[in-house]
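Which chain is which? The protein sequence lines are A and B, in order. Quick note: my numbering has the first sequence finishing at residue 538, numbered continuously throughout. Quick note: my numbering has the second sequence finishing at residue 538, numbered continuously throughout.
There are 2 protein chains.
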Amino acid sequence: YPDAERQRQPQGQEKPREIMEAAKDFAKERYGVSSMIQSQEKPDRVLVRIRDLTVQKADEVVWVRARVHTSRAKGKQCFLVLRQQQFNVQALVAVGDHASKQMVKFAANINKESIVDVEGIVRKVNQKIGSCTQQDVELHVQKIYVISLAEPRLPLQLDDAIRPEVEGEEEGRATVNQDTRLDNRVIDLRTSTSQAVFHLQSGICHLFRETLINKGFVEIQTPKIISAASEGGANVFTVSYFKNNAYLAQSPQLYKQMCICADFEKVFCIGPVFRAEDSNTHRHLTEFVGLDIEMAFNYHYHEVVEEIADTLVQIFKGLQERFQTEIQTVNKQFPCEPFKFLEPTLRLEYCEALAMLREAGIEMGDEEDLSTPNEKLLGRLVKEKYDTDFYILDKYPLAVRPFYTMPDPRNPKQSNSYDMFMRGEEILSGAQRVHDPQLLTERALHHGIVLDLEKIKAYIDSFRFGAPPHAGGGIGLERVTMLFLGLHNVRQTSMFPRDPKRLTP
Amino acid sequence: YPDAERQRQPQGQEKPREIMEAAKDFAKERYGVSSMIQSQEKPDRVLVRIRDLTVQKADEVVWVRARVHTSRAKGKQCFLVLRQQQFNVQALVAVGDHASKQMVKFAANINKESIVDVEGIVRKVNQKIGSCTQQDVELHVQKIYVISLAEPRLPLQLDDAIRPEVEGEEEGRATVNQDTRLDNRVIDLRTSTSQAVFHLQSGICHLFRETLINKGFVEIQTPKIISAASEGGANVFTVSYFKNNAYLAQSPQLYKQMCICADFEKVFCIGPVFRAEDSNTHRHLTEFVGLDIEMAFNYHYHEVVEEIADTLVQIFKGLQERFQTEIQTVNKQFPCEPFKFLEPTLRLEYCEALAMLREAGIEMGDEEDLSTPNEKLLGRLVKEKYDTDFYILDKYPLAVRPFYTMPDPRNPKQSNSYDMFMRGEEILSGAQRVHDPQLLTERALHHGIVLDLEKIKAYIDSFRFGAPPHAGGGIGLERVTMLFLGLHNVRQTSMFPRDPKRLTP
Chain A
34 YPDAERQRQP QGQEKPREIM EAAKDFAKER YGVSSMIQSQ EKPDRVLVRI
84 RDLTVQKADE VVWVRARVHT SRAKGKQCFL VLRQQQFNVQ ALVAVGDHAS
134 KQMVKFAANI NKESIVDVEG IVRKVNQKIG SCTQQDVELH VQKIYVISLA
184 EPRLPLQLDD AIRPEVEGEE EGRATVNQDT RLDNRVIDLR TSTSQAVFHL
234 QSGICHLFRE TLINKGFVEI QTPKIISAAS EGGANVFTVS YFKNNAYLAQ
284 SPQLYKQMCI CADFEKVFCI GPVFRAEDSN THRHLTEFVG LDIEMAFNYH
334 YHEVVEEIAD TLVQIFKGLQ ERFQTEIQTV NKQFPCEPFK FLEPTLRLEY
384 CEALAMLREA GIEMGDEEDL STPNEKLLGR LVKEKYDTDF YILDKYPLAV
434 RPFYTMPDPR NPKQSNSYDM FMRGEEILSG AQRVHDPQLL TERALHHGIV
484 LDLEKIKAYI DSFRFGAPPH AGGGIGLERV TMLFLGLHNV RQTSMFPRDP
534 KRLTP
Chain B
34 YPDAERQRQP QGQEKPREIM EAAKDFAKER YGVSSMIQSQ EKPDRVLVRI
84 RDLTVQKADE VVWVRARVHT SRAKGKQCFL VLRQQQFNVQ ALVAVGDHAS
134 KQMVKFAANI NKESIVDVEG IVRKVNQKIG SCTQQDVELH VQKIYVISLA
184 EPRLPLQLDD AIRPEVEGEE EGRATVNQDT RLDNRVIDLR TSTSQAVFHL
234 QSGICHLFRE TLINKGFVEI QTPKIISAAS EGGANVFTVS YFKNNAYLAQ
284 SPQLYKQMCI CADFEKVFCI GPVFRAEDSN THRHLTEFVG LDIEMAFNYH
334 YHEVVEEIAD TLVQIFKGLQ ERFQTEIQTV NKQFPCEPFK FLEPTLRLEY
384 CEALAMLREA GIEMGDEEDL STPNEKLLGR LVKEKYDTDF YILDKYPLAV
434 RPFYTMPDPR NPKQSNSYDM FMRGEEILSG AQRVHDPQLL TERALHHGIV
484 LDLEKIKAYI DSFRFGAPPH AGGGIGLERV TMLFLGLHNV RQTSMFPRDP
534 KRLTP
């Protein structure tokens with residue numbers, strides 16, 4: 034860095050006395066605020082990752098770029114905690130050969146969350162540093178430059194944001210409420226808990242695709258702007274499309290089926306799904322991410338159910354193998370039992386579930402859908418009886434499913450459809466689809482989609498030129514993340530959640 | 034299948050004489066139209082893939098499910114071509130021990146594109162069957178059942194749809210125009226060319242993510258419904274959002290940058306991007322798929338440029354290694370030179386490009402953007418001089434770039450921004466971003482984003498609490514697919530394209 038810039042102080046004019054002191058400061062080249070990095074230079078400097086600062090690096094001189102998580106001055110010393118994502122290390126600036134008292138003062142006054150470049154010697158410590166992830170070493174700072182200065186007042190404190198609710202309540206310590214978090218999401222996402230949640234969520238997407246590509250699936254891209262509401266007219270957002278109106282797809286349903294009719298055989302997609310529902314619950318968003326699967330089968334839709342269930346099992350296994358650190362990090366703030374599942378996945382029929390609920394005292398009709406409380410109760414009953422947090426509920430009443438659901442030929446009140454549940458909440462809805470255009474038209478008319486029949490003509494027509502039997506399902510990414518980790522609100526697992534009341538940031 | 038159903042004929046009532054003949058038909062159990070598959074049974078039958086029908090399987094009896102691509106009756110024989118995706122095989126139904134004349138007639142009358150289950154013996158042929166992908170064997174049919182019957186008149190013929198334009202023109206044979214294709218996209222997507230295009234496109238997404246995950250990137254999901262136009266107010270679709278208006282994101286730009294400010298360091302996303310541009314060109318869509326990258330760097334944005342260019346090179350290499358069949362299939366219809374690229378990727382500065390264009394007789398100002406014809410001309414000049422179809426153009430004039438572009442500190446008229454080109458067309462636009470909130474505000478005001486400054490407050494505020502220097506770029510998936518394969522219209526590489534005039538299917 035140009036020396037002149039390096040000495041520029043963060044705030045306002047320097048006072049004469051300070052200039053005098055600076056003149057006497059033997060370490061004045063060793064600290065300061067850097068000029069904005071505009072790619073002026075390509076210095077030949079290696080920056081070491083904090084997670085790699087271990088006793089193997091003891092006594093090495095390293096450069097680290099990190100955030101100042103906390104700083105604490107103590108006499109002629111200043112202790113900093115430097116943070117990178119989920120990892121942090123203690124750093125010490127002490128008056129001595131490398132640092133002047135001015136330099137210690139400078140370090141102590143760096144605003145929290147500022148980004149700094151630090152040169153230091155890695156030193157083994159005698160007593161483990163319990164408050165840091167790097168417990169066996171600390172960094173003895175020789176140079177420190179501010180790369181990006183944070184404003185002095187943070188809208189929320191990161192330590193408050195990772196405090197367990199119960200600790201906050203019992204010990205009267207601060208926690209951060211959800212709206213404050215979401216209003217200042219960029220800060221909230223920096224916490225170890227958020228970092229872990231969204232690294233794990235990235236893993237879910239990766240495992241989903243990895244598993245399906247190994248199974249021979251093809252990834253498709255389906256349009257989100259559509260000319261007709263795909264799942265009935267309600268709950269759909271309208272878009273001004275040049276001089277006309279269009280809609281936002283409530284799912285890729287019709288398009289993934291059209292891809293099956295177009296011979297892609299096994300398809301998946303990951304993309305946004307839009308629901309104009311004025312629901313303000315812990316598990317509804319107006320925009321969420323759908324993990325969708327559709328697959329031609331040979332003779333029975335259970336071929337597809339098994340593929341989907343196995344895909345989810347591979348995700349659960351992959352998460353437990355590859356993301357144990359993240360799971361434990363989240364558990365520190367939100368304690369939760371490990372997620373349990375069986376192989377093969379437990380499959381219950383709807384009538385069995387009804388019997389279990391009735392035995393538990395619930396009154397329900399044969400063709401009645403599950404309410405949210407009954408879903409959760411059923412989850413507890415299943416967990417007690419089968420010791421699994423994941424199961425399939427098969428053979429839903431036809432009356433409660435969309436028009437494209439294949440009726441059960443053995444029982445006209447049943448259908449070849451299924452939901453899948455994690456910890457008692459629905460995460461997937463799916464079915465064998467009607468692949469016969471005549472039956473499809475009948476079912477659409479039966480559901481009262483009379484006016485829209487012309488609008489879904491392209492969809493119905495796609496079954497007129499040979500269509501294989503097929504089935505599929507749609508998974509909600511945020512729900513899977515939430516329920517796998519045992520969290521309680523889907524807003525915790527959406528980076529920038531959208532609900533009827535929230536459109537920002 | 035229930036026998037009664039199996040004998041049901043496709044159309045209307047059976048005539049008495051036919052019933053009489055059927056009664057005398059020794060093979061009557063061996064063919065027919067199956068009842069709709071509603072998952073009544075789980076037969077223990079293995080279906081063999083057509084691509085696996087090779088001489089290794091000679092003399093085996095196999096079951097195959099496929100489409101009837103063509104059928105041709107010839108005396109007591111009927112030749113069928115059976116198709117699965119890009120693969121097809123010849124099948125023979127001949128009067129003899131296994132087939133009656135009624136059965137041959139039945140087979141000959143099955144409408145094209147119907148889906149059938151066929152049992153047959155694999156037989157080695159003496160002369161290669163040039164019209165099929167499986168050239169060394171044919172299938173001697175013993176049983177044939179229609180699983181899904183196609184309507185008799187197809188809206189387009191698959192063989193016409195894969196005919197090279199030039200052959201159509203020279204030999205006066207039919208080809209299919211683009212609107213007919215797109216109006217009947219489900220049929221058009223079944224052609225070998227379309228199958229190859231979209232299998233390769235799935236490969237692009239996979240290679241993109243595979244490469245980035247290996248590089249330590251995290252996948253993020255960004256909202257598509259936003260409260261303010263992210264890239265200036267023009268060309269944005271408006272959504273009715275409960276009682277208010279919202280917009281469709283023109284890119285994940287602001288959100289991926291916010292993720293950088295939230296410490297995710299290296300992020301990518303794949304998702305829909307919306308542009309309300311009334312452009313009816315070969316390369317504009319109103320909805321396309323963006324492959325987006327954003328990355329914090331240490332000292333110079335070229336660190337990011339190198340990562341992005343290497344990611345694209347890994348995609349090109351992966352496609353040429355894993356998708357050679359698909360490339361050749363597309364080339365049959367659309368002949369094209371193999372895609373060429375250098376390692377490391379060629380990087381030219383904008384002023385060098387200007388010099389090349391001026392030398393070729395083009396008059397252009399120093400701060401003028403490249404027009405489409407000049408872009409293409411430059412592509413040809415670069416190809417001649419450097420023998421590459423892929424290059425980076427760096428250091429664009431600041432005046433032609435968005436407000437969040439970092440100015441070049443050495444030259445106020447330049448910026449730290451770049452485009453990348455394939456076969457002379459832009460596929461990526463990117464830059465170092467301004468990470469200082471004060472400079473960002475100044476740049477936004479300079480660009481006239483005065484009214485909207487309040488609306489992008491959350492974005493600007495995300496730089497107030499320490500922001501690392503970062504850069505990134507957005508890639509158009511359909512363009513990469515089109516240009517890699519040397520196609521000429523982006524509608525060929527979007528499954529269900531959206532433009533100002535097309536919203537269906």
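In this text, a Cβ means the ideal position worked out from N, Cα and C, and glycines have one as well.
Under a 10 Å Cβ-count criterion, residue 221(A) is classified as buried, with 16 or more other Cβ atoms of the shown protein chains found around its own Cβ. In this structure, residue 281(A) sits away from residue 253(A), with a CB-CB distance that is not shorter than 9 Å. At a beta-carbon threshold of 8 Å, the residues of chain B lying near residue 449(A) are 71, 72, ordered along the chain. Contacts between residue 326(A) and chain B, judged by CB atoms closer than 7 Å, are missing: the closest CB pair is about 14 Å apart. Every alpha helix (DSSP H) of 4 residues or more that sits fully in the segment 222-273 of chain A is shown, in chain order, as 225-247.
Within the segment 114-147 of chain A, 118, 146, 147 place their CB atoms closer than 7 Å to a CB of chain B, listed in sequence order. When 7 Å is used as the limit between beta carbons, residue 238(A) is near these residues of chain B: 252, in chain order. Shown here, residue 490(A) sits in a helix according to DSSP, grouped into three states. A Cβ-Cβ contact shorter than 9 Å links residue 137(B) with residue 126(B).
DSSP places residue 166(B) in no alpha helix (DSSP H); its state is neither H nor E. In this structure, DSSP gives residue 305(A) an extended state, which the three-state scheme calls strand. Collapsing the DSSP output to three states places residue 503(A) in a strand.
Judged by DSSP secondary structure, residue 278(A) falls outside any alpha helix (DSSP H) and instead within the beta strand (DSSP E) spanning 277-281. Membership of residue 452(A) in the beta strand (DSSP E) is indicated by the continuous run 450-455. Taking the CA atoms as reference points, residue 70(A) sits about 11 Å from residue 500(B). Where residue 121(A) is concerned, there is no enclosing alpha helix (DSSP H), although the beta strand (DSSP E) around it starts and stops at 120-127. At a cut-off of 9 Å between beta carbons, residue 78(B) contacts chain A.
The three-state reading of DSSP puts residue 157(B) in strand, counting E and B together. About 6 Å separates the beta carbons of residue 523(B) and residue 512(B), which is inside the 8 Å limit, making them a contact pair.
Shown here, residue 131(B) sits in coil according to DSSP, grouped into three states, outside any helix or strand.
Within chain A, the C-beta atoms nearer than 8 Å to that of residue 184(B) come from 497, 498, in chain order.
The distance from the Cβ of residue 120(A) to that of residue 167(A) is about 7 Å, consistent with a contact at the 8 Å cut-off. Secondary structure within the segment 162-214 of chain B: the alpha helix (DSSP H) runs of 4 or more consecutive residues, fully enclosed, are 191-194, 198-204 (chain order).
Neighbours of residue 246(A) across chain B, judged by C-beta separation under 9 Å: 235, 239.
C-alpha of residue 219(A) to C-alpha of residue 251(B): approximately 16 Å in a straight line. For residue 465(B), the closest Cβ of chain A is nearer than 9 Å. A Cβ of chain A is located within less than 9 Å of the beta carbon of residue 231(B). Scanning its chain for C-beta atoms nearer than 8 Å, with the 5 sequence neighbours on each side dropped, one finds around residue 86(A) the residues 95, 97, 122, 155, 167, 170, 172, in chain order.
Your pair residue 491(B) and residue 538(A) checks out as a contact, with CB atoms roughly 3 Å apart and the cut at 8 Å. Taking 9 Å as the CB threshold, residue 320(A) lines the interface with chain B. Under the Cβ criterion of 9 Å, residue 331(A) is counted among the residues facing chain B. Checking the DSSP bridge columns, you'll see residue 444(B) partnered with 441(B). Proximity of chain A to residue 518(B) at the Cβ level (cut-off 9 Å) is not reached, the minimal Cβ distance being about 16 Å.
The shortest C-alpha to C-alpha distance from residue 75(B) to any of 325(A), 355(A), 331(A) is the one to 331(A). When DSSP states are grouped into helix, strand and coil, residue 64(A) belongs to the strand group. Between residue 256(B) and residue 417(A), the beta carbon gap of about 39 Å keeps them out of contact (Cβ cut-off 8 Å).
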